Structure formats: structure tokens, C-alpha cells
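S.K.: Below is the structure I would like to discuss, written out as C-alpha cells.
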Amino acid sequence: MANKCVSCNNCGHTGWSKNRGNFLITIVLLIFFFVPGVIYEIWRRTGLGVCSNCGSDRVVPLLACDTKDRNFQLDVMGIVIVTGSIVVGIMAVIFLCMIVYVGVERFIKTGSFLPPKSSEDLYSECFKDGMEHYQSLKQFPMMPDGKTLTMDRIEIYCKGSINGKYPR
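Counting in the numbering used here, the sequence shown runs from 3 upward without gaps.
Right, here's the structure in full:
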């Protein structure tokens, strides 16, 4: 654990050490990459730490520090943030697993990841397909018999469509 009494070989400072690394990196790693985040946090808190004056890791342990001057690195906010990051990371993994499960389950049942189309959507697709069909045959707005409207015929065939395609 850092926060040990050290003497710096770089600047000659004698005092309490700080943790290595950056706590913000720990938070980002814990949220997005859980295992590397835990490893990084363990690395940060082990060893002698770094000099609180110059930031060098060239420190040696010492027994001459006054315990009244000690600034604890293990603060409550750090514990809360690390614990919160762990909880958020676990919840994100559970949420992603649920999304994958629902998607696979839907694909197994329906053959598609998308939700099934409503009857109104199927009717609209069928009607559009029918209109395009009769326009390509130049039979719009009247059928060749001269009595039936094309839209009436399309409407009859598209009622209760199960695939959204106009029967040709």
C-alpha cells in the first residue's frame, strides 16, 4: 500500500508517498474494461508509491516521518468511486447480456432480430407494392375493364396481408 514514509533519491524530499498513476484512469478502466481496471488499481496501491514532492518513483522506505503529518490516500471518496464503478460495470455487463439474450431469443422464435410488424404496417407495405405494380402496368387509376378502381382492387387483396407483398 502506498502512503508510506519514504525518502526520495531524486529530490531528497522526506515524507509520505502518494499512489502511483491516475485515479481517473482507474475509473475509466473499471467502467469500460473491468479486469484491467482492477489490475491497474492494485498496481497503483501496491509498493512504496511516488514522491509527493516531485512524483519520482525512485524512493526508499524510511522510519523518520511524523504520523501526525500523514495524509491518507485511502479516502472515503476513492472507495465510493471505485465501488460505484465496479457496480456500474457489473450492471452494464448484465444489461448487455440481457440485450443479447432477448435478441437471440427473438431471432430463434421469429427468424429476425427486429420486432414483428403490425397489421397496419403490413397493409401499408402491401398497398404501396400494389400501387407500384399497377403503375408499372399503366393501369392506374382504373383497371382495364373501365369500371373498377385500381385502389379498390388493391385494398381487397391487401386486407389481412401476412407478408406485406401484393399478390401478383
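Virtual Cβ for every residue (Gly too), placed ideally from N, Cα, C.
A quick note: this is a predicted structure, and the numbers were derived from the prediction, not measured.
Under a three-way DSSP split, which group does C10 fall into?
M.R.: Residue state, collapsed to three classes: strand.
S.K.: Could you compute how far the alpha carbon of M145 sits from the alpha carbon of F109?
M.R.: 41 Å
S.K.: In the DSSP output, what is T16 paired with across the bridge?
M.R.: According to DSSP, which records beta bridges pairwise, T16 is partnered with S9.
S.K.: So what's M145 in DSSP terms, helix, strand or just coil?
M.R.: coil
S.K.: Where does L139 fall in DSSP's three states?
M.R.: coil
S.K.: Can you tell me whether DSSP reads L151 as helix, strand or coil?
M.R.: DSSP places L151 in the strand class (E or B) of the three-state scheme.
S.K.: Identify the residues that DSSP records as bridge partners of P63: which are they?
M.R.: V8
S.K.: How big is the Cα-Cα spacing for G51 and E43?
M.R.: 12 Å
S.K.: When you compare each of R46, K111, V102 to V84 by their alpha carbons, which one comes out closest?
M.R.: R46
S.K.: Bridge partners for V52 per DSSP, in chain order?
M.R.: K20
S.K.: Can you find the residues in the same chain that come closer than 8 Å, C-beta to C-beta, to R22, ignoring five residues on each side of it along the sequence?
M.R.: A4, W45, R46, G49, G51, V52, D59
S.K.: Can you tell me whether Y103 is buried or exposed? The criterion is at least 16 other CB atoms within 10 Å of its CB, across all chains shown.
M.R.: exposed
S.K.: Does the distance from the C-beta atom of S87 to that of I29 stay below 8 Å?
M.R.: yes
S.K.: Is DSSP giving G113 helix, strand or coil here?
M.R.: coil
S.K.: Is it buried or exposed, L31, if we count other Cβ atoms within 10 angstroms and call 16 or more buried?
M.R.: buried
S.K.: In the DSSP assignment, find the alpha helix (DSSP H) that holds I27 and state where it starts and stops.
M.R.: 25-34
S.K.: Take the Cβ of V8 as the centre, count every other Cβ of all protein chains shown within 10 Å, and call the residue buried at 16 or more, exposed below.
M.R.: buried
S.K.: Given that a residue counts as buried once 16 or more other Cβ atoms are within 10 Å of its Cβ, and exposed if not, what is I158?
M.R.: exposed
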